[in-house]
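Below you'll find the structure, written out as structure tokens, and then a few comments.
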Amino acid sequence: MGHLKTLIFYTVFLTSSLDFIECASLKVSGRYEKFLGDEGLYKSTDDVEILTIDNFKNATTNSDRAWLVEFYNSWCGFCRRFAPSWKEFASNISGWQDLVVVAAVDCSNGKNYALCRDYEIMAYPTLKYFHEGFDGNNYGLTLNKGGTAEDHKEHLIKQIIKEQHENRGKQFPDLQPFTGSSIPELFNSAPSEVKYAVLLVQEFGSLLGPSLMLHLHKEHQLITKYTYSNNTELVSNFPTGVLPNLFVINRDTNKVNRIMARSQTDKDIIEALKEYFLQKGISFTTQVHVSKSAVVNEKKQVDDLLRIARNMADTVFQMDLESVLRYSLKREVGSSKEITGEKLQALRKYLQVLEKYFPFGANGKALLRQLSQLAESSDLVEGARIAKLMQEAEKETSQVFSTPPKWLGCEGSSGQYRRYPCGLWKLFHYLTVNVADVEKPHRETNPRLALEAMHGYIKHFFGCADCSQHFQDMAARRQLDQVTSSDDAILWLWEAHNEVNKRLSGDDTEDPEFPKIQFPSEKQCPQCIKSDEWDNNEVLKYLKQIYSSVNVRYLGADTKVIYLGLDGSSNSSGGFLNLDGSLYVIVYIAIFVLIFLIMNMFLKRGYRRKMYKYKHDLLGKV
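Shown next as structure tokens:
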């Protein structure tokens, strides 16, 4: 009877523990949602207008202002390097906001996915100019990207001048050079109350004059013009000097005053003019703002889930893998208007590898199978169709994804770091290892299966064009096409990843809390490094252990969805069976063990000890 009471106690304890674990998992997931809201590269305190699908058309359509919009992805390294100059540019021309607005759309934010697709944003960052009165029936004009705030301003001014040549841009001051030959002609278009003209004499082709006119367009007490030095008839009326030369002319007296600025920048020229007009008792309000250097803001204290994840070194999380898959298929593949030819072949390879090896359950496998069949059944696939299928799969009722669209092991110190690129590396490391594990008995399998899928995906779909080209160059240089075994494929990707880490170490895109190192470190794998040289055999063992399907952790996952996806077949799930995540399976195991123990509780003590050992071993793996 005592044995029966003990068994009942363990039954109640185990089932209560399962209830607690399930609730804890859901509560942790809730806390995760609270702290990990999407962060773009721009904040409301910047001079960059933040546009989303909710306000984009209302802002740009039939506006009396022009809009210069950057479409970007917050995970894209080039976008992160680009952002400080875009902020500085927006701050520099913030006084032009009644004429043109500098804005940005974060295409990595799920709510903006359809917007970025509709405007055919295929690489990041992309700059588009929407003129005043824009009717929304075209895609705007794509502008060249500069490397500095000054570059951005020059591109904008050139576009404004072009707009005026095409009889648009009426809200801007006329940016054509002054071609008159006499001083009185400077005031021909000025109201009678305007008593001063500002004239800049410059070299042909310089944009300093147009820039100055735009900066001073609100100073209604004066008129601003520029002319080229080859306008000799006019220029002969002014003192000579090293160009550019700045003059203020009094309308009533035709008196010319030369203005000397500390340097020939917008800011210093305007400061010099401000000082001059202050002496004349004229209020001068124009300022050229220069933003401070971009500073990485510290995130709020990480929540319980992230702290747990950071303490679980050498771990692959289901949440990261599912977030990569979501973003990859819904946003990157889904952003393509039409997928044909070589691009379609790349998609087919990618989907085939995912279908066979991604750690999904039954419903997830069905989704990937459907996507793969869609890609195989036609010579043209619309990205919007794939995006729609992914959107349907994300509904809770579909029970495809076991985790929220958040990052765990790949979460950075702030929203601009790690995330998708980190997850993409983890995904392909996982795929190379599991192709090797599952296909080991099948020597006819292409050993480059995962690598070729990765290469095709990054070439045709990865949104960071600069990163994509780097990877393609590296693949050619490292002879990806010469890989002859699945183990070599694992090591090829490891070496490639370390090469990228070395190149980006110390780069502006590097997360200061997660420096890019050569991995595994000596702490992670002491036996992997011998006499300052890699031991590839030990590295291979390490990679197979870390990226094996049995090492995937389901922290923050909905255990019900995981259980529904559990089929126990390594061939169909790529080794998806993982008891520490599938907590509901424990219920059935526990019931089986308890029934078996009750049936045998009166057998000899030695046998009971054996059963106890079995139970202990089983629960120890969970």
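With mature numbering (1 follows the signal peptide of the UniProt record, and there is no 0) as the guide, the letters of the sequence shown map in order to residues -23 to -1, 1 to 599.
C-beta: ideal position from N, C-alpha, C; glycine also.
As the structure is a computational prediction, the values presented were derived from the model and not from experiment.
Item: Contacting residues, own chain, Cβ-Cβ under 6 Å from Arg530 (five flanking each side not counted); Value: Thr292, Phe294
Item: Contacting residues, own chain, Cβ-Cβ under 6 Å from His437 (five flanking each side not counted); Value: Lys320, Ala323
Item: Pairwise C-alpha distance: Leu177 and Leu184; Value: 11 Å
Item: Own chain, CB closer than 7 Å to Gly113, minus 5 neighbours either side, in chain order; Value: Lys34, Thr38
Item: Beta-carbon separation (whole angstroms), Lys202 vs Phe254, contact threshold 8 Å; Value: That belief does not hold up - the Cβ atoms of Lys202 and Phe254 are roughly 16 Å apart, past 8 Å.
Item: Beta-carbon contacts of Tyr519 that lie in its chain and below 7 Å, excluding the five residues immediately before and after; Value: Pro497, Cys502, Cys505
Item: DSSP state of Asn234 mapped onto helix, strand, coil; Value: strand
Item: Chain-order list of residues whose beta-carbon lies under 8 Å from that of Gln368 (same chain, five-residue window excluded); Value: Lys307
Item: Residues bridged to Tyr397 [DSSP beta-bridge criterion]; Value: BP columns for Tyr397 are empty, so no partner.
Item: Buried or exposed by the 16-neighbour rule on C-beta atoms within 10 Å, applied to Asp485; Value: exposed
Item: Three-state class that DSSP yields for Lys147 in the structure shown; Value: coil
Item: Extent of the continuous beta strand (DSSP E) run through Trp44; Value: 43 to 49
Item: Neighbourhood of Phe439 by C-beta, 6 Å cutoff - its chain only, sequence neighbours within 5 removed; Value: Ser445
Item: Where Lys276 falls: helix, strand or coil (DSSP); Value: With a pLDDT of 37 at Lys276, under the threshold of 50, the modelled position of that residue is not reliable, and the figure given next carries that caveat. In the structure shown, Lys276 sits in coil (DSSP, three-state: anything other than H, G, I, E or B).
Item: N-terminal and C-terminal residue of the alpha helix (DSSP H) that Val212 is part of; Value: 209 to 212
Item: Coil, strand or helix - Thr119 by DSSP; Value: strand
Item: Residues bridged to Leu177 (per DSSP); Value: Tyr203, Leu223
Item: Gly400 and Val377 closer than 8 Å at C-beta; Value: no
Item: contact_flag[the segment 15 to 25, the segment 53 to 65] where n(CB pairs < 8 Å) is 3 or more; Value: yes
Item: Classification of Ala370 by the beta-carbon crowding that lies within 10 angstroms, buried from 16 upward; Value: buried
Item: Contact check, Val412 vs Tyr334, beta carbons under 8 Å; Value: yes
Item: Local conformation of Phe378 per DSSP, three classes; Value: coil
Item: Coarse secondary structure for Ile494, derived from DSSP in three states; Value: coil
Item: C-beta atoms of Ile467 and Phe448 nearer than 8 Å; Value: no
Item: Rounded C-alpha distance that separates Leu120 from Ile285; Value: 45 Å
Item: Close Cβ partners of Leu428 (< 6 Å) along its chain, the five nearest in sequence each way excluded; Value: Leu457, Ala466
Item: Nearest-angstrom Cα separation, counted from Leu223 out to Glu140; Value: 27 Å
Item: First through last residue of the alpha helix (DSSP H) which encompasses Asp465; Value: 463 to 481
Item: Beta-carbon proximity list for Asn50, same chain, < 6 Å, skipping 5 on both sides; Value: Cys56, Cys84, Ser85, Tyr101, Gly440
Item: Spatial distance of Phe164 from Ile200 (CA atoms); Value: 8 Å
Item: Neighbourhood of Leu404 by C-beta distance below 7 Å, restricted to the same chain and skipping five residues each side; Value: Leu298, Val301
Item: Contact under 8 Å by Cβ, Tyr524 with Val410; Value: yes
Item: Where Arg239 sits in the DSSP three-state scheme; Value: coil
Item: Burial state of Ile494 (16 or more Cβ within 10 Å); Value: exposed
Item: Beta-bridge pairing of Leu428 - partner residues as DSSP gives them; Value: According to DSSP, Leu428 bridges with nothing at all.
Item: Any alpha helix (DSSP H) of 4 or more consecutive residues that is wholly inside the segment 287 to 313; Value: 295 to 303
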